[in-house]
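Per this note's numbering, the very first residue in the sequence shown carries number 1227; after that it's consecutive. Ideal placement from N, C-alpha and C gives every residue a C-beta, glycine not left out. Nothing here was measured: the structure is a model prediction, and the numbers come from that model. The structure appears right after this line, and notes come after that.
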Amino acid sequence: MHQLDWTALVLFFLVMIIIGFWSYRQIGSSGDFFVAGGRLPWWLSGISHHISGYSGAVFVAYAAIAYTHGFTIYIWWAFMISISIFVGAFFIVPRWSRLRSRTNIESPTEYLKDRYNLPTQQLMAWSGVLLKLFDVGAKWAAIAILLNVFTGTSLIVGILLAGGISLIYITVGGLWADVWTDLAQFVVQIVAGFAMFFIVIDILGGFGSIFTLWDQLPDANRQLFNEPYTAGFAMAFLVIFFFSYNGGTWNLATRYISSPSGSDARKAALLSGVLYLVWPLILFFPMWAAPVLIPDIEDPSQSYALITQELLPPGMVGLVLASMFANTMSMTSSDANTISAVITRDILPNLSKKFTDLKRKQSLLLARGSTFVFTALTLIVAINADSFGGVLGLIITWFGALVGPIAIPMILGLLPMFRHCDAKAAIISILGGLTGFVVANYVLEVSQATQLVIPIAVSLILFTSIGWLSRNKKVRPEVNALLDKLHTDTT
């Protein structure tokens, strides 16, 4: 790393902290801290939703797939996310904003107590918090690998550095700090991504290389599906992404909850979907070209970091590294903010009455404290990431397979057609999905696509089947009232 690279990286971290303390002035209550007081502009929400779906794992685990398997990473990741968001924008997304405006929720799981019952809410809240410990830990581990390649810094130091910076600004500034740093991080990512794209294009011989590059790669690398990333694998992730990106991943639900209205939330979703459709084609091009530029890399997960060091001039390397940090910090800090909301609003008040009916300053202090503690725990998981199957194992196996069973009752519970799916359906579907995960991963010898699809398929079948069998039972009036409130925006 050149001195200019260090300067770019230090300035990036400094800007993140400054935004955090600047946002502090906009925080007067837990509602401001968790959901921006319901005043989040749709364009800022859309950019934040998009950038919160990235992490350093894109430049480590996904870069490795781009290096070894080619174009398929765009198909089963970015393209499937885009489709799922476009569909959800019309059926799911507006209902999140209406939940806040009609019921004053501040966390994605807060409405589950009324929709199902308290035990169901607690099961989903605890399960989601534990799941996010692994997911966020994987993101810290990924960015530490990148920092190690660039600077030689140990993995533990890299984890503590990235996590420590995020810990400061998200604890101080809440969601406002999160979304404004997302915007700054998006700008950094765009500048660094286009710089890499144009430099690689120039080295390969001009814009025609966008098409001729594939002739220099194995035939399988130009295919839409490349074993083990088959069409079945992509379809499994399409289902997972539908539930995840439309609110099953709680930090993404928070972007919609914080929107002023359902129509604003829909516009935010459509913007995010368009960005997923277009931007990864530019971002991943250097990763697809890496086998030509730097062939025979022993560890493909280091491919993007190595071509960055090889091709970019001093100063630009630091900017690209900053963009990688930006992606991870965006996702992890937004996760920490949302998980804090769940802990503060849904878990702690049911553990002790002293956490109920808190005054404004007390609730804000509790919000910041739970954010700090959760983030610290994710750093511990990151330091021990290898014990859970490494970065890719954490992201694809654990998160990909477990998010579905937790998200299905949460997302489908917003829709009137599933009004007969009660607490019994929700609990049985979650437990069934988790059982399916254990069986698929530790009992059966099946493909990776099957491992992914079994938990969410079992959960979906159980939830809908139990609801269908209960179709003649009377639905609680409060459930009908809740679902009716979510049909249209308030005037």
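In or out: Met1643 buried (at least 16 other Cβ within 10 Å) or exposed? Counting from 1 along the sequence shown, the entry for residue 1643 is found at position 417. Exposed is the call here.
Excluding the 5 residues preceding and the 5 following Leu1230 in the sequence, name in chain order all residues of the same chain whose CB lies nearer than 6 Å to its CB. Against the sequence shown, residue 1230 aligns to sequence position 4. Once the five neighbours on either side are set aside, the close Cβ partners of Leu1230 are Pro1540, Gly1541.
Limits of the unbroken alpha helix (DSSP H) element including Arg1341: On the sequence shown, position 115 is the one that residue 1341 refers to. Element bounds for Arg1341: 1338-1341.
According to DSSP, simplified to helix, strand and coil, what is Asn1452? Locating residue 1452 in the sequence shown gives position 226, where the first residue counts as 1. Asn1452: strand per DSSP, three-state reduction.
Could you tell me which of Val1241, Phe1247, Thr1233, Ser1256 sits nearest to Leu1585, measuring between CA atoms? In the sequence shown, counting from the first residue as 1, residue 1585 sits at position 359. Before going further, note that residue 1585 is Lys rather than Leu in the sequence given. Of the candidates Val1241, Phe1247, Thr1233, Ser1256, the one whose C-alpha sits nearest the C-alpha of Lys1585 is Ser1256.
Can you tell me where the alpha helix (DSSP H) with Asp1428 in it begins and where it stops? Counted from its first residue, the sequence shown places residue 1428 at position 202. Looking at the DSSP string, the run of the alpha helix (DSSP H) that includes Asp1428 is 1381-1430.
Nearest to Met1350 by CA position, among Asp1361, Thr1335, Arg1341, is which residue? On the sequence shown, residue 1350 is found 124 positions in, with the first residue counted as 1. When each option's Cα is compared against that of Met1350, the closest is Thr1335.
Excluding the 5 residues flanking Phe1511 on each side, which residues of the same chain have their C-beta closer than 6 Å to its C-beta? By one-based count along the sequence shown, residue 1511 stands at place 285. Cβ neighbours of Phe1511 beyond the five flanking positions: Phe1423.
On the criterion of 16 or more Cβ atoms from any shown chain inside 10 Å, does Phe1316 qualify as buried, or is it exposed? Along the sequence shown, one-based indexing puts residue 1316 at 90. The residue in question, Phe1316, is exposed, as its Cβ has fewer than 16 Cβ neighbours within 10 Å.
Contacts around Ile1253, its chain only, beta-carbon distance under 8 Å, and the 5 residues preceding and following it disregarded: Locating residue 1253 in the sequence shown gives position 27, where the first residue counts as 1. Cβ within range, chain order: Phe1259, Gly1399, Gly1400, Trp1402, Leu1590.
Name the residue from Ser1655, Thr1534, Ala1515, Gln1415 whose alpha carbon lies nearest to the alpha carbon of Tyr1280. Position 54 of the sequence shown, counted from the start, is the residue given in the question as residue 1280. Shortest Cα-Cα distance from Tyr1280 to any of Ser1655, Thr1534, Ala1515, Gln1415 involves Gln1415.
Exposed or buried, which one is Ile1653 when buried takes at least 16 other CB atoms within 10 Å? Position 427 of the sequence shown holds residue 1653. Label assigned to Ile1653: buried.
Does any residue of chain B have a CB that is nearer than 8 Å to the CB of Trp1476? Absent here is chain B; the protein component of the structure consists of one chain.
Once you ignore the five residues that flank Phe1420 on each side, which residues in its own chain have a CB closer than 6 Å to its CB? Counting from 1 along the sequence shown, the entry for residue 1420 is found at position 194. Closer than 6 Å at Cβ, skipping near neighbours: no residue.
Whose C-alpha, out of Asn1698, Met1555, Ser1323, Glu1453, is nearest the C-alpha of Gly1246? By one-based count along the sequence shown, residue 1246 stands at place 20. The candidate whose alpha carbon is nearest that of Gly1246 is Met1555.
Segment limits, alpha helix (DSSP H) that includes Phe1644: In the sequence shown, the residue the question calls residue 1644 occupies position 418. No alpha helix (DSSP H) holds Phe1644; DSSP gives it neither H nor E.
Closer than 6 Å by C-beta to Ile1569: which residues in its own chain qualify, once you throw out the five before and the five after it? Chain order, please. Against the sequence shown, residue 1569 aligns to sequence position 343. Ser1596, listed in sequence order.
Which same chain residues, not among the five before or five after Asp1648, have their C-beta less than 7 Å away from its C-beta? Taking the sequence shown and counting its residues from 1, one reaches residue 1648 at position 422. Contacts found: Tyr1342, Ser1696.
From this set, Tyr1293, Glu1671, Val1669, Ala1462, which residue's C-alpha is nearest Gln1442's C-alpha? The sequence position of residue 1442 within the sequence shown is 216, counting from 1. It is Tyr1293.
Going by DSSP in three states, Glu1704 sits in which element: helix, strand or coil? Along the sequence shown, read from residue 1 onward, the residue named residue 1704 stands at position 478. Three-state result, Glu1704: helix.
Could you have a look at Asp1258 and say whether DSSP puts it in helix, strand or coil? Translated into the one-based positions of the sequence shown, residue 1258 becomes position 32. It is helical.
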